[in-house]
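Protein chains: 2
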Amino acid sequence: MQIERILENGCDRDWETVAPDEVDPIRFAVIGLGWFTRGRALPALEASDRCEPTVLVSGSPEKAEQLVHETDGATRSITYDAFHDGVAVDDYDAVYIVTPNALHLEYAETAAEQGKHVLCEKPIERSSDRGRELTRVCADAGVELMIAYRMHTEPAVRRARELIDAGYVGTPMAVDGEMTQRLLDRIDPNPNQWRLDEALAGGGALFDIGIYPLNTARFLLGSDPIAVTGTTASTHDAFSEVDETVSFGLRFPDGVTGRCYASHNARQSSSITVIGTEGRVSVEPAFFQDQSRALEISRGDGRARIEFDSVDQMLEEFDYFADRVRGQNAIYPDGEHGVVDMALMEAIYEGAATDRWVTVE
Amino acid sequence: MQIERILENGCDRDWETVAPDEVDPIRFAVIGLGWFTRGRALPALEASDRCEPTVLVSGSPEKAEQLVHETDGATRSITYDAFHDGVAVDDYDAVYIVTPNALHLEYAETAAEQGKHVLCEKPIERSSDRGRELTRVCADAGVELMIAYRMHTEPAVRRARELIDAGYVGTPMAVDGEMTQRLLDRIDPNPNQWRLDEALAGGGALFDIGIYPLNTARFLLGSDPIAVTGTTASTHDAFSEVDETVSFGLRFPDGVTGRCYASHNARQSSSITVIGTEGRVSVEPAFFQDQSRALEISRGDGRARIEFDSVDQMLEEFDYFADRVRGQNAIYPDGEHGVVDMALMEAIYEGAATDRWVTVE
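Top to bottom, those sequences are chains A and B. Take my numbering: the final residue in the first sequence is number 861, and no numbers are missing along the way. Take my numbering: the final residue in the second sequence is number 861, and no numbers are missing along the way.
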């Protein structure tokens, strides 16, 4: 029954609670205009009928002004300082924070003071303490806070979760995932690349891409690890401050275990697999955008490969956020959810540094 | 070039050095007549033109005698005591030891005294100390010793190794593997089931099936782990003495890492994957017999699935052993190779018990 539904409507937005024409769109101030914003976020906001990228915030006024002209729905650009000063405060309902990790808190603080909702890129901040502070600030101000885990609205991943919840794999026992890419082939490893800067990023491959299998494992199992360990390594000079590669082990309650790998030096690869007492569900490729996703499922003697239309993961994510802000349902990947990942990643680094399993409360 | 050769002749026995009609076949005394021997080993020995299952050794004379009648090439049955007494010593050239792990040493000792070569099931024994003693005994007697790692002659795994050696994945960085099956669905969990008996088996899922991804990882990388950790769990009463499930992490030299999983309680699943700086090679399904194997390879923008004819893995393994005994080339999975796995598995248990990474010398 579950599988029939997936085959009939695999990209179903089962999370929708409010029709877009019943509510006003969410007008965003987009904070940070790097390649991810320009290549991924703005096109999705342009395509959305639930969101509008009205205000573009950048340290470079020329770049921002040029982007305003190029972006449907954008009406003005402001500097970071002008954002803190509330210059365009009437022109947006929410902020999308896509700055270096260590700057998330200051923009969330200003947004919360302004009474604006917050969609914040993962990881929530550069440390769990700062992530908790970010969460508290938003809660105290009564604004919504979502961490931008796009796997939560990726149809293939949602269908995998539904199958697991419906008992397809029996009792889940194991989760395995990896995300790898050659970062240095894609970016300029200059001193301004914040992903390589420990003070701005907080961590390396683990924070940037290891968080995908980690968080998706939590999402698929509906459970959080209770102990972790890890191993980090770097080969290029550009990764002198942060890990280029990370391997980590997870212990969930009830003997369930996980194994994950992430590297900025390995050929692009991404997958996540859950094995249970009765079956197996795997999404591969899983985590990169612009890929056609497939679900490999098996149980008993049967095995099937279910292919999905490619969706714009950022569009799904923005629209989910808008639906939750305008509707009554709670956001799933909220600040506390994001802080759990931060605490786990800090424990993985501690485990790597001390050669131990580290218990996480 | 490498891929063209695989597509043309994927099941090539590249290890052959001696033609079967140039040498006498290896006459085996088969020690232990459980379901694996009856269902897997004897049919392969019957099919081989390099081996003959001349002598069947069992604690049950009736069962053994019946099997002699049913098995092509079998000429007599003897008891375990009669084997130690050398009753049929002129009727075999080698022994195939497929008893509970803790009995491997005593049969290898007698075989070595008799000047017979030894093909010993994995793991080599119930402990690394006993494995070292077994290795020493065979070396002192000047007889050949091979540990029965059938992945070393599985064509899909050999082709994966050749691709890796030829640089297809660039520099190998990560290896991931799993082997799971519902053992209690397949065997009677009575007190006579030696796999559940710590004294006879030495370990549980790790020794029985976790050794497949562990050893195949070593085989594919041509490298041995330098530190390991693990997690064990059991849910059924039958697994009160040994681990039902094991998860383990591996650190190889040069920052290469591995992650493996094995369970006697999870739905059947098996795979092994190597990711490198330039590409990815995966065998899935990998470890169970009677399956059609496929190699998934990817590099650059390209991705291919190479399917293999199903081979009799036991036949490949027996014929490799016979080729090495009759020819001049050395056995790859020898006693020392088997002892490395024992030491690694003991360290994985130690890591699980102490919540630490354990260095292996």
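Glycine included, C-beta positions come from ideal geometry on N, C-alpha and C. As the structure is a prediction and not an experimental result, all values here were calculated from the model.
Beta carbon of residue i, beta carbon of residue j: below 9 Å?
i, j, result
"R856 of chain B", "W857 of chain A", "yes"
"A639 of chain B", "G827 of chain B", "no"
"D676 of chain A", "Y761 of chain B", "yes"
"I797 of chain A", "G779 of chain A", "yes"
"S577 of chain A", "L545 of chain A", "no"
"L645 of chain B", "L634 of chain B", "yes"
"P785 of chain A", "S769 of chain A", "yes"
"A852 of chain A", "T732 of chain A", "yes"
"Q789 of chain A", "D812 of chain A", "yes"
"T716 of chain A", "I772 of chain A", "yes"
"R538 of chain A", "L507 of chain A", "no"
"V783 of chain A", "A648 of chain A", "no"
"G704 of chain B", "S747 of chain B", "no"
"V669 of chain A", "F707 of chain A", "no"
"A574 of chain B", "T599 of chain B", "no"
"A541 of chain B", "Y596 of chain B", "yes"
Return the bridge partner residues of residue i from the DSSP annotation.
i, result
"M842 of chain B", "For M842 of chain B, which the question treats as bridged, DSSP gives no partner whatsoever."
"V523 of chain A", "Partner(s): none; V523 of chain A has no beta bridge."
"L684 of chain B", "None, per the DSSP bridge assignment."
"A674 of chain B", "B:T757 and B:I775"
"N601 of chain B", "DSSP lists no partner for N601 of chain B."
"A804 of chain A", "A:I797"
"R576 of chain B", "B:V555"
"N765 of chain B", "B:R682"
"V783 of chain A", "A:I772 and A:L795"
"Y596 of chain B", "B:V530 and B:L619"
"R751 of chain B", "B:A727 and B:T757"
Please state the DSSP three-state secondary structure of residue i.
i, result
"T732 of chain A", "strand"
"T653 of chain A", "helix"
"V637 of chain A", "helix"
"T777 of chain A", "coil"
"F818 of chain A", "helix"
"Q825 of chain A", "The amino acid at residue 825 of chain A is misidentified as Gln; the sequence shows Val. DSSP places V825 of chain A in helix when its eight states are reduced to three."
"N509 of chain B", "helix"
"S792 of chain A", "coil"
"G703 of chain B", "coil"
"S560 of chain A", "coil"
"T859 of chain B", "strand"
"R626 of chain A", "coil"
"P553 of chain A", "strand"
"V811 of chain A", "coil"
"V746 of chain A", "strand"
"H617 of chain A", "strand"
"V643 of chain B", "coil"
"V589 of chain B", "helix"
"A612 of chain A", "helix"
"Q715 of chain B", "Reading the sequence as shown, one finds Asn at residue 715 of chain B and not Gln. Correct three-state label for N715 of chain B: helix."
"E516 of chain A", "coil"
"G835 of chain B", "helix"
"D697 of chain A", "coil"
"E662 of chain A", "helix"
From residue i to residue j, what distance separates their C-alpha atoms?
i, j, result
"S740 of chain B", "M679 of chain A", "36 Å"
"R759 of chain A", "N765 of chain B", "18 Å"
"G755 of chain A", "L684 of chain B", "18 Å"
"L750 of chain B", "P561 of chain A", "49 Å"
"Y592 of chain A", "E850 of chain A", "40 Å"
"I848 of chain B", "I726 of chain B", "12 Å"
"R793 of chain B", "A699 of chain A", "47 Å"
"E504 of chain B", "H652 of chain B", "21 Å"
"V860 of chain A", "V728 of chain B", "21 Å"
"V840 of chain A", "Q693 of chain B", "43 Å"
"A564 of chain A", "E613 of chain A", "24 Å"
"D801 of chain A", "R695 of chain A", "45 Å"
"D512 of chain B", "A660 of chain B", "13 Å"
"R658 of chain B", "T757 of chain B", "21 Å"
"T517 of chain B", "M842 of chain B", "30 Å"
"G667 of chain A", "D697 of chain B", "32 Å"
"V738 of chain A", "Y832 of chain B", "Checking the sequence, you will find Ala at residue 738 of chain A rather than Val. Going by the C-alpha atoms only, they are around 40 Å apart."
"V637 of chain A", "H584 of chain A", "15 Å"
Q) Is the number of C-beta pairs between the region 530-537 of chain B and the region 590-610 of chain B that are closer than 8 Å three or more? A) Contact between the region 530-537 of chain B and the region 590-610 of chain B is established, with three or more Cβ pairs separated by less than 8 Å.
Q.
Would the region 814-825 of chain B count as touching the region 543-561 of chain B if we require 3 or more Cβ pairs under 8 Å?
A. yes
Q. Between the region 716-728 of chain B and the region 614-633 of chain B, are three or more C-beta pairs nearer than 8 Å?
A. no
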